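Reviewing the structure listed below.
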Amino acid sequence: MGNIPQLASIGIDIGKDVFHLVGFSTDGQIAFRRKIKRLALVETFKTLPPCIVGMEACLSAHFVSRSLRRLGHDPRIIPAIYVKPFLKGQKNDYNDAEAIAEAALRPNLSTVTEKTQDQLDLQACHRVRSRLVSRRTATINQIRAFLIEQGITVRVGVRALRNSLFEILKNRQDEISPRMSDLIVGLYEDWLWLDERIETVSGEIEEISQSESNCKRLMSVPGIGPLISTAVVAAIGTGEAFDRGRDFGAWLGLIPKQFSTGGRTILGRISKRGSRYLRTLFVQAANVLLMRPQNWEKFSFGEWLTNAAARMHRNKLAAALANKLARIAWSVLNTGKAFDTHRIEVEAI
20 MGNIPQLASI
30 GIDIGKDVFH
40 LVGFSTDGQI
50 AFRRKIKRLA
60 LVETFKTLPP
70 CIVGMEACLS
80 AHFVSRSLRR
90 LGHDPRIIPA
100 IYVKPFLKGQ
110 KNDYNDAEAI
120 AEAALRPNLS
130 TVTEKTQDQL
140 DLQACHRVRS
150 RLVSRRTATI
160 NQIRAFLIEQ
170 GITVRVGVRA
180 LRNSLFEILK
190 NRQDEISPRM
200 SDLIVGLYED
210 WLWLDERIET
220 VSGEIEEISQ
230 SESNCKRLMS
240 VPGIGPLIST
250 AVVAAIGTGE
260 AFDRGRDFGA
270 WLGLIPKQFS
280 TGGRTILGRI
290 SKRGSRYLRT
300 LFVQAANVLL
310 MRPQNWEKFS
320 FGEWLTNAAA
330 RMHRNKLAAA
340 LANKLARIAW
350 SVLNTGKAFD
360 THRIEVEAI
C-alpha cells in the first residue's frame, strides 16, 4: 500500500464480498482509501501498523474483530446508531468507512463487546429455536385458517386443536374435500416435526445451562431458567460492557423513554430499544412470577413487589419487574455470586 504514515484509526465498512477501508493518520488527515476482497483482510492488515480499527456491529463483525486482534490491532465494534452522526455527504461505502474511523476515536463511545465463538454458537442455538417456534405457530395458524374456511372453529389453545383435529376430519369428511384433508394432515405432520426439532434444540440449550457456571448462577434468580440464562450469557458474557445493572436494563429497552427539556423530566413508555428477544424473555419471566403472589415473600425483593402491585397496572408492573430481574441478572454475572447468597448465609447463622 506504499508508504503509510503513522495511523490513528482505520474504519472498515464490512460487505458481503468486499471491504472498504479508510485510514486516518495521527494528524487527522485521511491517509488512504482502499477496497479489498474479504479473503484479503488478514494479508492487508499484516502490512499496516497496529492501530484502532472500527467497524459497525453486523453479522461478521465479531469474526473480523478476533482476526484483527490476533494481528495486534485494537478492534472496536460500534453500534450503527453511534456512527450515523459522523457521516458526511451522501451515503456510500467510503463515506461510511470514514464515519466509522472517526467514531472509533471518540474516547467515551460505547462499543459492543467482542463475542467468543462459544457465545456465537449459543446465540445461534437460540436463533434457530426462535425461528422453529415461529414456524410452528405459523403452521398451527394455517391449519386453523383452513378449518375456518370450511366453517369449522376450534377453541383457543394448542392442546384443543391437537386433540380434536382428527375427530373433526373424520366427522366432517362429507364437508371437507379429500384434497383439503390431505393438506391439513400434511401440515399436522410438519407440526410434529417442528415439535421434535424444538425439543432437540431446547435440550441442547438446557444441557449447556447445566455445565456453564454463569448460567448456573443466573438460574438462582427467580423466574430465570435455562432459556433466559443461556440467552443472557450469549448476549453479554459476564456483563463487562455495562457499568451497572441499570445500563443493562436500558440496553434491553425496559426503561421509560425520556424526552426532557428545560429542567423538566418527561418519561413515557418503555423505550423497547436493544434486544427484543431478551426483553421478551424477561417480561415472560416477570409474568410467571406475578402469577404466584404466594411466593413473593421468599424473595429479597418481595416487599418491593408487594408494594408495587398495589399501585401499578399489571402490564406496567410486569415491565418494572422485568427490569429488576435484568438488573439482578447483571449483578449476579458481575459479582460471580448467586442470587440472595448473603441473605441465605445470614439465615443459616
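Per this note's numbering, the sequence shown runs over residues 20 to 368. For glycine and all other residues, C-beta sits at the position ideal for the given N, C-alpha and C. Nothing here was measured: the structure is a model prediction, and the numbers come from that model.
- Note on geometry: alpha-carbon atoms of residue 243 and residue 64 lie some 43 Å from one another.
- When only Cα atoms are considered, residue 266 and residue 340 end up about 16 Å apart.
- Ranking 115, 105, 352, 288 by CA distance to the CA of residue 235 puts 352 first.
- Residue state for residue 40 is assigned as strand, using DSSP reduced to three classes.
- Listed in chain order, the non-local C-beta contacts of residue 346 below 7 Å within the same chain comprise 264, 265, 267, 268, local neighbours out to five positions each way being set aside.
- Residue burial is scored here from C-beta neighbours: residue 75 has at least 16 other C-beta atoms within 10 angstroms and is therefore classed as buried.
- For a cut-off of 8 Å, the C-beta gap from residue 144 to residue 251 is around 14 Å, too long to register as a contact.
- In terms of Cβ geometry, residue 253 and residue 142 form a close pair [threshold 8 Å].
- Bounds of the beta strand (DSSP E) holding residue 52 are 49-56.
- The alpha-carbon of residue 35 is positioned some 30 Å away from that of residue 258.
- Taking residue 323 as the centre and dropping the five residues before and after it, the same chain places the C-beta of 343 closer than 8 Å to its C-beta, in chain order.
- Spatial neighbours of residue 105 in its own chain (CB-CB distance under 6 Å, excluding positions within 5 residues in sequence) are listed in chain order as 118, 121, 122.
- Annotation for residue 331: no beta strand (DSSP E) segment contains it, and DSSP assigns it neither H nor E.
- DSSP lists 280 as the bridge partner or partners of residue 283.
- Put simply, of 331, 279, 359 the residue whose alpha carbon is nearest the alpha carbon of residue 316 is 359.
- Taking the Cα of residue 256 as reference, the smallest distance to any Cα among 146, 212, 132 is reached at 132.
- Counting C-beta pairs with one atom in each stretch, the segment 327-337 and the segment 302-311 have three or more that are closer than 8 Å, which means they touch.
- Straight through space, the alpha carbons of residue 58 and residue 209 are spaced by roughly 40 Å.
- The segment 199-246 contains, as complete alpha helix (DSSP H) runs of 4+ residues, the segments 232-237 (chain order).
- Residues 30, 31, 32, 39, 40, 41 of the same chain have their beta carbon placed closer than 7 Å to that of residue 116, with the five preceding and five following residues left out of the count.
- Residue 87 places its beta carbon less than 8 Å from that of residue 72.
- Take residue 112, set aside five residues on each side of it, and the residues of its chain with a beta-carbon closer than 6 Å to its own are 32, 39, in chain order.
- For the 8 Å CB-CB criterion, residue 27 and residue 43 form a contact.
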